[in-house]
Amino acid sequence: MKYPIQNKNKIVGIMIFVIACFFMTGIAVAKTQSIALAPESVVAFTNETVALDIQYDVIDGNKTTGIGIRIHYNSKFIDSITLSDIYGEGMVGQHYSPQADVTNLDGDVTTDKFIIIAWAGITGGWPVFLSTPGSLAKLNVKIKSDAPNAETKINVSASAAAAGYEFKSKSARLLVQ
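If you use our numbering, the sequence shown corresponds to residues 966 to 1142, in order.
Structure below.
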């Protein structure tokens, strides 16, 4: 069956449009804010405090309006979490008081508590003084004296990501001995 030239041009035009939409979607999704806990794996002993670094990055390299995060943990293993060496610019909130994770915000049923930390840059120029990737804070994790000898995770979820950005995170694994 032969197609007139006019129909072939329409088909080619539609194919180009579909391919362009596919690539443009990929570009739009590339705007990502990420938080990684480092190191990714730590051996921890009961009644000890271990330090993790909260690393922030923005994939497209642009400044944003800030980020709010929740640090999730299992209270059978962890006695308390505090912060030190905090990046102060735009710091708007830190709630050390553990909150119950009743709605499973991190998607991990083994974590039951979280704390909240947030930074904001109203003009969209945050962070001004931090090169990315960079450290937002040290997370000081106090292991319980009666913690089980097993592995537990510390997860991160977003309480607020910058408009137009998706959020990604990397957890830390603690092997308690």
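The beta carbon of each residue, even a glycine, is placed where N, CA and C say it ideally should be.
All figures in this text were calculated on a predicted structure; none of them were measured in a lab.
Just curious, the beta strand (DSSP E) that residue i is in, first and last residue?
i: Ser1049; result: 1043–1049
i: Phe1079; result: 1078–1085
i: Lys1028; result: Looking at the DSSP string, Lys1028 is not in any beta strand (DSSP E), and its letter there is neither H nor E.
i: Val1074; result: Val1074 -> no beta strand (DSSP E), and no H or E assigned at all.
i: Gln1142; result: It is not in any beta strand (DSSP E) - Gln1142 carries neither H nor E in the DSSP assignment.
i: Val1008; result: 1006–1009
i: Asn1120; result: 1116–1125
Which same chain residues end up closer than 6 Å to residue i when comparing Cβ atoms and leaving out the 5 residues on each side of it in sequence?
i: Gln1064; result: Phe1079
i: Ala1125; result: Gly1033
i: Ala1085; result: Gly1031, Gly1055, Val1057
i: Asp1044; result: Lys1107, Lys1109
i: Ala1009; result: Val1015, Ile1108, Leu1139, Val1141
i: Val1007; result: Val1015, Leu1139
i: Asp1025; result: Lys996
i: Lys1133; result: Thr997, Ser999
i: Ala1001; result: Gln1020, Lys1135
With 16 as the cutoff for other CB atoms within 10 Å, does residue i come out buried or exposed?
i: Asp1071; result: buried
i: Asn1088; result: A quick correction: the sequence has Thr, not Asn, at residue 1088. Label assigned to Thr1088: exposed.
i: Gln998; result: buried
i: Tyr1021; result: buried
i: Asp1066; result: buried
i: Thr990; result: The predicted model places Thr990 with a pLDDT of 40, which falls under 50 and marks its position as unreliable; any figure quoted below should be read in that light. Exposed, since its Cβ has fewer than 16 Cβ neighbours within 10 Å.
i: His1060; result: exposed
i: Pro1092; result: buried
i: Thr1068; result: exposed
i: Ala1115; result: exposed
i: Ile1074; result: Reading off the sequence shown, one finds Val at residue 1074, where the question assumed Ile. Counting Cβ neighbours within 10 Å, Val1074 comes out exposed, since fewer than 16 surround it.
i: Phe1094; result: exposed
Please check the pair residue i and residue j, which I expect to be a contact at CB under 8 Å, by giving their CB distance rounded to whole angstroms.
i: Arg1035; j: Ser1100; result: Actually they are not in contact, since the Cβ atoms of Arg1035 and Ser1100 sit about 18 Å apart, beyond 8 Å.
i: Asn1105; j: Ser1049; result: 6 Å
i: Ile1119; j: Leu1017; result: 7 Å
i: Thr1117; j: Phe1042; result: 4 Å
i: Ala1102; j: Ile1051; result: 4 Å
Ordered along the chain, which non-local residues of its own chain (more than five positions away) have a Cβ less than 8 Å from that of residue i?
i: Glu1005; result: Lys1135, Ser1136, Ala1137, Arg1138
i: Thr1029; result: Gln998, Val1023, Gly1086, Gly1089, Trp1091, Ala1127, Tyr1130
i: Pro1113; result: Lys1041, Phe1042, Val1141
i: Ala985; result: Its pLDDT being 41, under 50, Ala985 is placed unreliably by the model, and nothing is read from it.
i: Gly1053; result: none
i: Asp1111; result: Thr1011
Please return the same chain residues whose Cβ sits closer than 7 Å to the Cβ of residue i, not counting the five positions on each side in sequence.
i: Asp1077; result: Asn1039, Ser1040, Ala1065, Asp1066
i: Ala1003; result: Leu1017, Asp1018, Gln1020
Is there at least one Cβ from chain C nearer than 8 Å to residue i's Cβ?
i: Ala1123; result: Of the chains in the structure shown, none is chain C; there is only one protein chain.
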